[in-house]
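Worksheet: the structure to be examined is printed underneath.
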DNA sequence: GATACAACTTGAATCAATTTCAAGATCGAT
DNA sequence: ATCGATCTTGAAATTGATTCAAGTTGTATC
């Protein structure tokens, strides 16, 4: 019989386009997914999709079952939300602070979804910069903060969102484009363009350059587009989330290269007070962000 | 996490009104259901229903989850049907023959449901009496026959529908009402009123009276109502399906008594040719009959 | 055309989780 | 007060899903 886990697999498959990717998304091995798919196929006695094509090409039956999967997960999450409301009332507020500019790309759509589901919860974006945004939680000036690092702080919970690749971004004619991947030393004589935030929150600096004692020239810009423009015109290099610059890479406006042999992987967490973690709409918002991101950002991975 | 099996359990619970009854309906022990319910309740951290009341009294959360269960099973069976149509076309016919008159009670609603789901399949009721209705299948004059006995016939499949109690029916003042249950010998000096069908298809005669060499006076009537009327007016006794006469028992128009210590249990099967069993709409019709019956007939049990 | 690599498949072994079993608790009815 | 029916509970047993490790297939590269 078809089970919920099969439906989750189908969705992961539909959204990630390969067995391997879907497997990591649902925290299983490819093998497990292969078994699952085979089970479904032998239950319906027909194939679900063509294997050798990316993205997957679904058969009509496969398509119908993917649709079913979406229907059912929607019904499930609606019910869970309603139960949550039944159990702990509906009102409340949701003040969101972000540390990272490009996050707005997916934060806005997430907030839209959330607004539909929790009309009574008042939403707000806490703007401006803060030396340590997590303090906003303790000061009760925000309810959720999106941060790139899990800390050990009492009374604060960090809900994992996802991990993503942060490649170096180079102008099309930059000499470093010849290399397959970059190392800290490659940055020595470059101008590094970053957002205007403290070094300890810039993963490239904190995790790669500082440990290697490399301190390139620096320059800042507030908007992702501005950084890209500077890079494209050869006035420096940068490191940006892969998901934030995919369209520019597709158009070959700039070139990306992995930082380090395995690439630089960064993480994103939603921080809240422990009290906040007990309110169901906050947890639902975290889940909504995950859902939206996995649906619309390519190449991100689950984080625990 | 909530699983499909939990939802099936919730539906069985909602429709049967007790853990024990629901358990037999989903082919599990009460214990298993108890564990399941406890698991759901501890997941949502709230009770689903009050235990000591029949029918179960649901909490708002329980109610919402039952609604979810119906939503999801509907989505599932819609999808399964559509997949079936995708795989083996849509046209066909469905000629139904019944051996037992009272079956129309649930056969009509089942046919209504089926008609909605398979518009292209032409429905027909094969009327009239036949010495052996299963022959209608081989002669290709019917596609499904509802029968009370599983036989060993090559090329014919018997799909179990349900089992049910067949109590004896007595007039309100009949002296046998003093007994807790009746035995074959109690029928010796009675007039037995039956449908006008061969003895080997009357479970009471075949399984109870004949083995005990008891041959009471006989009388026949075609309609259930006619039989009831005769019984009520003291002109004989009968044995009828519990589900068929529930309203008359509730109104105390007649009295029922179990036949034998454990009561007489009868069975109902849908017979089809093996070829027929391969068409998806026929199997769907069988499932529809089961669903409709378990939803609307009280006191019936699963049959394998 | 050989080789390597990536993605997927397969069967056996492991491990987790659900079911059953057996005993005990609770409630109503006689 | 006792019986019977219904449900609960914890531990054992069973089921079945996942992992592991090896094999297959297809694609790219030299």
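Protein chains in written order, with the numbering used here: chain A, 564 to 867; chain B, 564 to 867. Cβ atoms here follow ideal geometry from the backbone N, Cα and C, with glycine treated the same way.
| said: Quick test of your reading: residue 711(B) and residue 829(B), contact by CB under 8 Å. State the CB separation rounded to the nearest angstrom. | reply: The C-beta separation of residue 711(B) from residue 829(B) comes to about 6 Å, placing the pair in contact by the 8 Å criterion.
| task | Report the option in 616(B), 628(B) and 823(B) whose CA atom is closest to the CA atom of residue 609(B). | result | The alpha carbon of residue 609(B) has as its nearest neighbour, out of 616(B), 628(B) and 823(B), the alpha carbon of 628(B).
| message | Considering just the uninterrupted stretch of the alpha helix (DSSP H) at residue 792(A), what are its terminal residues? | response | That run of the alpha helix (DSSP H) goes 787-795.
| request: For residue 593(A), name the three-state secondary structure that DSSP assigns. | output: The three-state reading of DSSP puts residue 593(A) in helix, counting H, G and I together.
| request: May I have the straight-line CA-CA distance separating residue 756(B) from residue 794(B), to the nearest angstrom? | output: Their Cα atoms are separated by approximately 8 Å.
| Cβ separation of residue 591(B) and residue 726(B), assumed to be a contact under 8 Å, to the nearest whole Å | About 17 Å; that fails the 8 Å criterion.
| query | residue 708(A) and residue 750(A) look like a contact to me (Cβ under 8 Å); what is the Cβ gap, rounded to whole Å? | reply | Rounded, the Cβ-Cβ distance is 29 Å, inconsistent with contact.
| Rounded to the nearest angstrom, how far is the Cβ of residue 835(A) from that of residue 720(A), given a contact under 8 Å? | Right, their Cβ atoms sit about 6 Å apart.
| field | For residue 681(B), the nearest candidate out of 665(B), 641(B) and 693(B) (CA to CA) | value | Nearest C-alpha to residue 681(B) among 665(B), 641(B) and 693(B): 641(B).
| message | Pull the bridge partners of residue 842(A) from the DSSP assignment, please. | response | None; residue 842(A) has no bridge partner.
| task | Taking 8 Å as the cut-off, decide whether the C-beta atoms of residue 673(B) and residue 851(B) are in contact. | result | Contact flag set, yes.
| Beta-carbon proximity list for residue 687(B), same chain, < 6 Å, skipping 5 on both sides | So the qualifying residues of the chain are 658.
| field | Residue from 630(A), 612(A) and 616(A) with nearest C-alpha to residue 622(A) | value | The residue with the shortest Cα to Cα distance from residue 622(A) is 612(A).
| Cβ-Cβ separation, residue 705(B) to residue 654(B) (assumed contact under 8 Å), whole Å | About 18 Å separates the two Cβ atoms, so there is no contact after all.
| query | residue 806(B) to residue 730(B), Cα distance in whole Å? | reply | C-alpha separation (whole angstroms): 10 Å.
| query | Any C-beta of chain A sitting closer than 8 Å to the C-beta of residue 666(B)? | reply | For residue 666(B), the answer is no, since every Cβ of chain A falls outside 8 Å of its Cβ.
| chain B residues whose Cβ lies nearer than 7 Å to that of residue 645(A) | Listed along chain B are 627, each with a C-beta nearer than 7 Å to that of residue 645(A).
| said: Check for me: the alpha helix (DSSP H) holding residue 808(A) runs from which residue to which? | reply: For residue 808(A), the enclosing alpha helix (DSSP H) begins and ends at 805-813.
| field | Cross-strand partners of residue 820(A) (DSSP beta bridge) | value | Residue 820(A) is bridged to 731(A).
| Assigned exposure category for residue 819(A) - 16 Cβ within 10 Å defines buried | It is buried - the Cβ of residue 819(A) has at least 16 other Cβ atoms within 10 Å.
| task | Under 7 Å between beta-carbons, which chain B residues line up against residue 634(A)? List them in chain order, please. | result | Correct list: 638.
| said: Using only CA atoms, which one of 635(B), 578(B) and 625(B) lies nearest to residue 568(B)? | reply: Residue 635(B) is the option with its Cα nearest to residue 568(B).
| Secondary structure at residue 617(B), three-state DSSP: helix, strand or coil? | Residue 617(B) falls in the coil class under three-state DSSP.
| task | Run the CB neighbour count on residue 791(A), radius 10 Å, all protein chains shown included, and call it buried at 16 or more, exposed below. | result | By the neighbour-count rule (16 or more Cβ atoms within 10 Å), residue 791(A) is buried.
| Within chain B, partners of residue 613(A) - CB distance below 8 Å | Neighbours of residue 613(A) on chain B: none; closest Cβ ~16 Å, over 8 Å.
| said: Rounded to the nearest angstrom, what separates residue 767(A) and residue 615(A) at their Cα positions? | reply: Residue 767(A) and residue 615(A) have their alpha carbons spaced roughly 37 Å apart.
| request: Show which residues of chain B have a CB atom less than 8 Å away from the CB atom of residue 649(A). | output: Under a criterion of Cβ atoms nearer than 8 Å, the residues of chain B adjacent to residue 649(A) are, in order, 623, 624 and 627.
| field | Proximal residues to residue 644(A) (C-beta, below 7 Å), its chain only, five neighbours per side dropped | value | Closer than 7 Å at Cβ, skipping near neighbours: 680 and 847.
| message | Just list the residues that DSSP pairs residue 832(B) with in beta bridges. | response | According to DSSP, which records beta bridges pairwise, residue 832(B) is partnered with 710(B) and 723(B).
| task | Check the Cβ-Cβ distances between residue 642(A) and every residue of chain B, and say whether any is below 8 Å. | result | It does: the Cβ of residue 642(A) has a partner Cβ on chain B nearer than 8 Å.
| What do you reckon, are the CB atoms on residue 571(A) and residue 600(A) nearer than 8 Å? | No; because the gap between Cβ atoms is not below 8 Å, this pair is not in contact.
| query | How is the alpha helix (DSSP H) around residue 625(B) delimited, first residue to last? | reply | Start and end: 623-651.
| query | How would you call residue 789(A), buried or exposed, if buried means at least 16 neighbouring beta carbons within 10 angstroms? | reply | Result: exposed.
| field | Any chain A beta carbon closer than 8 Å to residue 846(B) | value | Judged by the 8 Å Cβ criterion, residue 846(B) is not in contact with chain A.
| Residue of 863(B), 864(B), 861(B) and 855(B) minimising C-alpha distance to residue 671(B) | Considering only 863(B), 864(B), 861(B) and 855(B), the residue with the shortest C-alpha distance to residue 671(B) is 855(B).
| query | Per DSSP, what kind of secondary structure is residue 657(A) in: helix, strand or coil? | reply | In the structure shown, residue 657(A) sits in a strand (DSSP, three-state: E or B).
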